[in-house]
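To start, the structure under review is shown below, and the notes come after it.
Chains as they are written, first to last, in this note's numbering: chain A, 18 to 301; chain B, 9 to 349.
Rendered as structure tokens:
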């Protein structure tokens, strides 16, 4: 236990040494917490329209202004965070799930390597957003389908990372030692390999989170994502773009929210990678 | 050729392990290579057999074939039998056993220690958990009984303060300690066959001696058989009852340890022995090097594989491959062994 505490303390120390990562973590937690507590945090109901107050610039009543229906933009951003971050999070879970299983199989079982990897290559040959739009066209617009489409789009990235790490770890003697003790293939994959490749997977997860938030916004903006009546950062920009000339705040603030979320996730991913990679650790 | 197993006058009962004319092949891009050819060896209960040879002689591949751990799908057993007597007194052919059948035996009835103690343990699991994994798998223990068993295993391999060290991670232990943990892992289910693949190569000399003593003590206490793979003849002299010498994928000589060290029948074995520093000093001719060879392994054609390096090679050796011939208490693969004796 004491060892674990010491490791924990060391980990936190390294974390604090990187101020930028800390700042990113702070921004992300503010976004996540306000999304979770949206009902209490948001100053207004995000869907109540006040046409007399439409397209008002930021003021002491509506801090970030109002949109074309007089709805409070801050409140909509806070509720939009629920959908945007929620979709991103679910994409991470599903793409990690699919990608990790396929990556482990491709890396450990030689006969499955070529079929799985060629499929992954084929999917990665298409631009992410194009593939996502194609999938959405097939599946139809809904939040659940956005999650499904983006999970399929990002799973091949996970497959590649997991397979590469699996190849490295499965060649280590302790894996053969485990086989020599009669440990089953399933348990070797789950315990002996997966636990040892957890850190690259974790780093990849934060990057995919960032990509997914961006991609969701992109899809919604193009009208191929979440239906426009659901407030997400993407739908807000999509709806507000025609007023952008007169009321920049309608698109600027949701845009800033997207940038902040994606940027902080990227920074956290970079920081995690540096911290978890023993080769880079010394440089910190 | 398979007759040597019966010749070993060591014990009369059926051997625990009888490898009979085993050949192992690997599929490669440019065809099939066969790094192990017609290998036969026997191992009785409670006996230590040393499998000796230089790197690439096929000793490790032989042991992997016995354990069913050949890298798949490239490696496969192309001919021969590996008869193993299970605890239920049944004789199974490991060369034909199913994947699951093999897995049942591994860890429970046969176990293996590897060369690299630094990397043979999973870095993210405590050593207690790693031993517990095997015990849970094969003996079905859990809870308090499992913990007690794990601690007993660590006590068995003389790890001090075992109860506390169970929660240690491998990186908190020294190389010698890790090799002890590896042995505890291998011994966790009391196997009847222990294969030790150069278990002391990566350790310093004092630790080497301790590990050898430990393995020998465990052998005496449990009555298991030990197949000890090494290229260190000093280690062989210390631990082995019998020796099988491999060269270029073939067994070239099998003999009891003491007679072998006194007078080797095969020129290769003699050459190996004259490389030993202690022996070279006693010998007037001094330390002798083996003749280096060029070219590439795997292509042997008709000649005796050792002929290009053999000081006694005759014209016949180049055209006629030698068979394994029975000697007094052993076997040798050399056309001229009678003349050279």
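The C-beta atom is built at its ideal place from N, Cα and C for all residues, glycine as well. Fair warning: this is a prediction, and the values are worked out from it, not measured in the lab.
Item, Value
"Buried versus exposed call for residue 209/A [16 or more other C-beta atoms within 10 Å across all chains shown]", "buried"
"Three-state secondary structure (DSSP) of residue 255/B", "strand"
"Three-state secondary structure (DSSP) of residue 41/B", "strand"
"Selected residue, minimal CA-CA separation from residue 171/A, among 107/A, 189/A, 188/A", "107/A"
"Cutoff 8 Å: residue 112/B Cβ touching any chain A Cβ", "yes"
"Same chain only: Cβ atoms within 8 Å of residue 273/B, ignoring 5 sequence neighbours per side", "261, 263, 335, 338, 340, 342, 345, 348, 349"
"Burial state of residue 30/A (16 or more Cβ within 10 Å)", "exposed"
"Among 79/A, 100/A, 104/A, the one whose alpha carbon lies nearest that of residue 92/A", "79/A"
"Among 64/A, 38/A, 50/A, 232/A, the one whose alpha carbon lies nearest that of residue 248/A", "64/A"
"Start and end residues, beta strand (DSSP E) containing residue 8/B", "The question about residue 8/B has no answer here: the residues shown for chain B are numbered 9 through 349."
"Coil, strand or helix - residue 243/A by DSSP", "coil"
"Distance, residue 71/A Cα to residue 83/A Cα", "6 Å"
"Assigned secondary structure, residue 85/B (DSSP; H/G/I helix, E/B strand, else coil)", "strand"
"Simplified DSSP assignment, three categories, for residue 174/B", "coil"
"Residues of its chain near residue 264/A, where Cβ-Cβ distance is below 6 Å and the 5 sequence neighbours each way are ignored", "72"
"Sufficient close CB pairs (3 or more, under 8 Å) joining the segment 274 to 290 of chain A to the segment 38 to 54 of chain A", "yes"
"Residues that residue 127/B contacts on chain A, provided the C-beta gap is smaller than 8 Å", "189, 190, 191"
"In chain order, each alpha helix (DSSP H) run of at least 4 residues that lies wholly inside the segment 167 to 253 of chain A", "190 to 197, 215 to 238"
"Spatial neighbours of residue 66/B in its chain, beta-carbon cut-off 6 Å, leaving aside the 5 residues before and after", "43, 44, 254, 257"
"Residues near residue 241/B in its chain [Cβ-Cβ closer than 6 Å; skip 5 each side]", "284"
"Same chain only: Cβ atoms within 7 Å of residue 168/A, ignoring 5 sequence neighbours per side", "108, 111, 112, 115"
"Pick from 227/A, 246/A, 175/A, 94/A that is closest to residue 267/A, judged by C-alpha positions", "94/A"
"Separation of residue 57/B from residue 280/B, as counted between CA atoms", "18 Å"
"Sheet register partners of residue 261/B (DSSP bridge)", "253/B, 340/B"
"Residue environment, residue 238/B, which counts as buried when at least 16 other CB atoms sit within 10 Å", "buried"
"Distance between residue 76/B and residue 102/B (C-alpha atoms, nearest Å)", "7 Å"
"Simplified DSSP assignment, three categories, for residue 95/A", "helix"
"Extent of the continuous beta strand (DSSP E) run through residue 59/B", "56 to 60"
"Cβ shell of residue 277/A (< 6 Å), same chain only, five flanking positions each side left out", "44"
"Straight-line gap, residue 152/A to residue 166/A (C-alpha atoms, nearest Å)", "6 Å"
"First through last residue of the alpha helix (DSSP H) which encompasses residue 156/B", "151 to 164"
"Nearest-angstrom beta carbon gap, residue 154/A and residue 241/A [assumed within contact, 8 Å]", "7 Å"
"9 Å Cβ cut-off: residues of chain B touching residue 5/A", "Not covered by the structure: residue 5/A. The range shown for chain A is 18 to 301."
"Inter-residue spacing [alpha-carbon to alpha-carbon] between residue 276/B and residue 236/B", "20 Å"
"Residue 56/A at chain B interface by Cβ criterion, 8 Å", "no"
"Coil, strand or helix - residue 96/B by DSSP", "coil"
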